[in-house]
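Beneath this line is the structure, given in structure tokens, with notes to follow.
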Amino acid sequence: MADSSSEDDNVPLGQITKRPDSVVSSSSLPNKEKRRKIVNYNQFDDDDDDSAPIARPKKKKIKTEKKSNGSSSKTPDKVVSKPIKKENGIKKSSHKAAAVTKTEGAKKPLKEMDKAERIAHAMQAYLWWNASDPPKGCQWVKMEHAGVSFPEPYTPHGIKMRYDGVEVDLSPLEEEAATFFAAMDPEGMHLGNPKTAPIFIKNFFADFRAVLGKNHVIKDFKKCDFEPIREYLNQQKLIKKAITDEERKQNKDSRNEIMFKFGYSLVDDHLEKVGNYNMEPPGAFRGRGEHPKMGKLKQRVEPEQVMINLSECAPVPKCNVPGHAWGDLRHDPTVQWLCQWKENINNQVKYMQLAAQSSFKGKSDRSKYNKAAKLCGNIDKIRANYKKNLKSKSLETRQIATAMWVIDRLALRVGGEKDTDEEADTVGCCSLRVEHLKFDPNNEGSDNKEIELEFLGKDSMLFKQTIDFGSALYTENNGMGEQVYENFKLFCKKKKKGDDVFSDLTPTILNAHLKGIMEGLTAKVFRTYNASKTLQEELLKTEKSAGWSRLTAAEKVVEYNNANREVAILCNHQRSVSKAQETQLENLGGKLQTLIDQKKVLKKILKRLTEGNDKNIPTKKDEAKAIEKATKALEKAKKMKETAKTPEEKIAATEADEKAKILKKEAAELKFNQAHLWDKTPTSEQVMKRITAWSEKISKMEMNIKHKDDNKEVSLGTSKLNYMDPRISVAWCKRNEVPIEKIFSKTMRDKFNWSMAVPPDWQFNEEISKQG
DNA sequence: GTTTTGACTTGGACCTCCTAGT
DNA sequence: ACTAGGAGGTCCAAGTCAAAAC
1 MADSSSEDDN VPLGQITKRP DSVVSSSSLP NKEKRRKIVN YNQFDDDDDD
51 SAPIARPKKK KIKTEKKSNG SSSKTPDKVV SKPIKKENGI KKSSHKAAAV
101 TKTEGAKKPL KEMDKAERIA HAMQAYLWWN ASDPPKGCQW VKMEHAGVSF
151 PEPYTPHGIK MRYDGVEVDL SPLEEEAATF FAAMDPEGMH LGNPKTAPIF
201 IKNFFADFRA VLGKNHVIKD FKKCDFEPIR EYLNQQKLIK KAITDEERKQ
251 NKDSRNEIMF KFGYSLVDDH LEKVGNYNME PPGAFRGRGE HPKMGKLKQR
301 VEPEQVMINL SECAPVPKCN VPGHAWGDLR HDPTVQWLCQ WKENINNQVK
351 YMQLAAQSSF KGKSDRSKYN KAAKLCGNID KIRANYKKNL KSKSLETRQI
401 ATAMWVIDRL ALRVGGEKDT DEEADTVGCC SLRVEHLKFD PNNEGSDNKE
451 IELEFLGKDS MLFKQTIDFG SALYTENNGM GEQVYENFKL FCKKKKKGDD
501 VFSDLTPTIL NAHLKGIMEG LTAKVFRTYN ASKTLQEELL KTEKSAGWSR
551 LTAAEKVVEY NNANREVAIL CNHQRSVSKA QETQLENLGG KLQTLIDQKK
601 VLKKILKRLT EGNDKNIPTK KDEAKAIEKA TKALEKAKKM KETAKTPEEK
651 IAATEADEKA KILKKEAAEL KFNQAHLWDK TPTSEQVMKR ITAWSEKISK
701 MEMNIKHKDD NKEVSLGTSK LNYMDPRISV AWCKRNEVPI EKIFSKTMRD
751 KFNWSMAVPP DWQFNEEISK QG
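Position one of the first sequence corresponds to residue 1 (the UniProt record's numbering), numbered consecutively onward.
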């Protein structure tokens, strides 16, 4: 349209850069829009920035623009002094006050907000669900952004690895590769696992050797010693831990600077957040499960490998690597991506896209849930369809029907074909193999209709469930379990372990069939549907239970989380229990035992006292000394941190701090272990009181442990973020007078902003799809 | 028809910063 | 006021699905 044209494609991009350091140049926009934007800037009422996401011209220019707009400008002094005041205010505010500002976040005065908050506030003014849509087939008409931000080039540390006991000189590139390996946790999920460690090492070493070149002395991994580099990295971590608040703030500021520059995009005259504006740094590829390529070197991406997508009239941003330029330029309004490049491990395209709270993502999210809701109205028809086909004479039809049952009832993913030389061996429905099914797993014989399904799903997460196809769960209400069982038996007959169960089926065939039954229906819609439906039903169930209305908001939230957990279990959203969590759980178990023992002691004391024997009653030993010692050590460490300048001092400070923390822990333990005792011989009343208190403590602790144990392997976040229609949750909150903040974090509220206006009686059902 | 590519969603691990509990 | 623990945010790998390429 306007100035820049598609001829740009043939010009070396680095040289045609029109605007050095900001996303939007007002010069490329018509006057009317220019004015509108200026009004917006003034809303930020702002201080410093030349790095504003939008073309904030430098200060001098602001003045002129502000003048032209008739609004008053501030003296620099005032502008600078303001944020400091604000921060103090926040720090000093009490919890109560903080809670209020949090719940009423929108009402926080503009002047108290920091820059990011003010931008966010301004962005809230745009409600995409009230705005008009871009032309059909297009996701946008105008789009401007600053491109992707590249990480700093590698700075060599000069620490030498050893080969065969001898220090080796490495070039920066070689040293960088060695450092990637040294940075891997030897006990971590790649090197700590005897199954994956050899794969990782083999791949890493092959790539490392390629970097070193043919004639390099390093030839045998066994003779490599990365320990000096590893030690260095650990020291760096200790140094980092000792940073002062001032340094922490500086780090945040410089991160923010990049965010203000690259983190926003101007799409059709409104501001949107970019999701991943930092280019992925090089490193060792961390494939999950038994990924055959883990350990390979993920190369540094050069700007020349990056293609950027923006509107024709948008100025081309300058890339932040001196002497480099974007590889290519595109003006494609049918796609969402702002930048794309190829990674070298799997030769896949990666994208820079808008963030989850953007209109692009919001629109597709809403349409996803509407599609799932539409399935509510069609589910009977669909179940009838596959019920009939479960007995079809055509093998393909029968397999389609069986797969539909599995996807509908067991919530499996569709499971596309995978190349096991290139990727980890994981499966879903269509790629299930005979070896993943175990008929009659408990050798019960006769009419047993159980199958144990055991396989690795997405992200190599284990799916292991025994399905009793003869049970009421799968036979009642048109469950069809028995027929499905017969079909599985049939599909596995005369097949080898490694053969596909659904030999005539691919996701393409299955989805083509689904599309024929309901417009827009694919395999994954079933997961969304089942997750949302389950949430709604679980919530309604508890809402109808006796005494519900008397529950406090916090108690209601517990019930919500229980419903959430049901969904997560349905979707098999697991998480591995970290070592820290395990030890924490063990510690809690130990504490519980201590409490139980203490209660026994208390009972004994009571018995003696009632018998009139007040001799040999245990009393508290001095614990003040230990506490004092620990406190002093902590104080000392803190001082060390404050004064530490050299790396050695910083390391020493962190180490002292860690030691002091151990002391404190020990002191706390001592205190805990004799918390049931008194300094002097107690009275019977005192003991009785304490016994009741301890009973309460014990049950509380038991609850806590049970809760932690129940949740340790279930991850609730994924289903909340991707599967449960937010409108169900919002309506539930409204009905039950639970503040939405108790359910959704700030990020989620941003992402689900489109769903906040639903009425309290909103239901997840087919009616939704008719609303558009 | 089959395979590959492209674009987007979904996923858990890890790190950081905040808050509840003391 | 302080800190442990957890919530939430970041990162980027790994899926799904449609369309293009063969």
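Just so you know, even glycine gets a beta-carbon here, dropped at the ideal spot from N, CA and C.
Owing to the predicted nature of the structure, the values given are computational and were not obtained by experimental measurement.
| request: Determine the extent of the beta strand (DSSP E) in which Ile-308 is found, giving its start and end residues. | output: 307 to 309
Q) Helix, strand or coil: how does DSSP classify Asn-385 here? A) helix
> Is the segment 267 to 278 close to the segment 145 to 152, with three or more CB pairs under 8 Å?
Replying inline: yes
Using the three-state DSSP reduction, which class does Thr-397 fall into: helix, strand or coil? helix
Check: According to the Cβ coordinates, are Leu-606 and Ile-698 closer than 8 Å?
Finding: no
* So what does DSSP say about Asn-616, is it helix, strand or coil? -> coil
Helix, strand or coil at His-707 according to DSSP, with G and I counted as helix | helix
*Val-267 - containing alpha helix (DSSP H), residue span*: No alpha helix (DSSP H) contains Val-267, which is instead part of the beta strand (DSSP E) from 264 to 267.
Check: Buried or exposed: Asn-587, going by 16 or more other Cβ atoms within 10 Å of its Cβ?
Finding: exposed
Measure from the alpha carbon of Asn-203 to the alpha carbon of each residue in Asp-225, Gly-188, Asn-215, Ala-177, then state which is nearest.
-> Among Asp-225, Gly-188, Asn-215, Ala-177, the Cα nearest to that of Asn-203 belongs to Ala-177.
- Exposed or buried, what is Asn-704 when buried is set at 16 or more other beta-carbons lying within 10 Å of its beta-carbon? exposed
Point to revise | Counted within 10 angstroms of its Cβ, other Cβ atoms place Glu-566 as buried (16 or more) or exposed | key: buried
Subject >> Length at least 3, wholly inside the segment 533 to 609: the beta strand (DSSP E) runs in chain order >> reply: Counting only runs of 3+ residues, no beta strand (DSSP E) is found wholly inside the segment 533 to 609.
Thr-528 vs Ala-372 beta-carbon contact at 8 Å = yes
- Backbone CA spacing between Glu-280 and Trp-341 [nearest angstrom]: 10 Å
Worksheet item: Shortest alpha-carbon distance to Asn-442 belongs to which of Asp-761, Asp-725, Asp-468, Gly-188?
Response: Asp-468
With distances taken Cα to Cα, identify the nearest neighbour of Val-306 among Trp-337, Lys-296, Gly-263.
Trp-337
Determine the contact status of Val-557 and Val-738, defining contact as a CB-CB distance below 8 Å. yes
Checklist entry - So, is Leu-437 buried or exposed, given that buried needs 16 or more other C-beta atoms within 10 angstroms? => result buried
Note to self: Mapping the DSSP letters down to three states, classify Ala-284 as helix, strand or coil.
What the structure shows: strand
*Can you check whether the CB of Asp-225 is closer than 8 Å to the CB of Met-123?*
no
Exercise for review: Leaving out five residues on either side along the sequence, give the residues of the same chain with a beta carbon under 6 Å from the beta carbon of residue 773.
Suggested key: As shown, the chain starts at 1 and ends at 772. That puts residue 773 outside it, with no answer to give.
- Distance, Val-321 Cα to Met-724 Cα: 42 Å
Could you please give the first and the last residue of the uninterrupted beta strand (DSSP E) stretch that includes Tyr-351? 349 to 352
query = Among Gln-348, Ser-364, Ile-308, which has the Cα closest to the Cα of His-331?
reply = Per the Cα distances, Ile-308.
Given 8 Å, three or more beta-carbon pairs between the segment 375 to 393 and the segment 539 to 547: no
How would you call His-291, buried or exposed, if buried means at least 16 neighbouring beta carbons within 10 angstroms?
buried
Val-23, DSSP secondary structure in three states: Residue placement at Val-23 is flagged as unreliable, the pLDDT there being 39, under the threshold of 50; the coordinate-derived value follows with that caveat. It is coil, neither helix nor strand.
Applying the criterion that 16 or more other CB atoms from any shown protein chain within 10 Å of the CB defines a buried residue, is Thr-654 buried or exposed? buried
### Query
Hey, Asp-679 and Thr-619 are a contact pair by Cβ (cut 8 Å); roughly how many whole angstroms apart?
6 Å
Task: Close beta carbons around Phe-672, own chain, < 6 Å, minus the five adjacent residues each side - done: Within the same chain, Phe-672 has no close Cβ partners at all.
Quiz item: From Val-601 to Thr-594, what does the alpha carbon distance come to, in whole angstroms?
Solution: 10 Å
Open item on the list: Would Ile-201 and Gly-295 qualify as a contact pair, given that the criterion is a beta-carbon distance under 8 Å?
Closed with: yes
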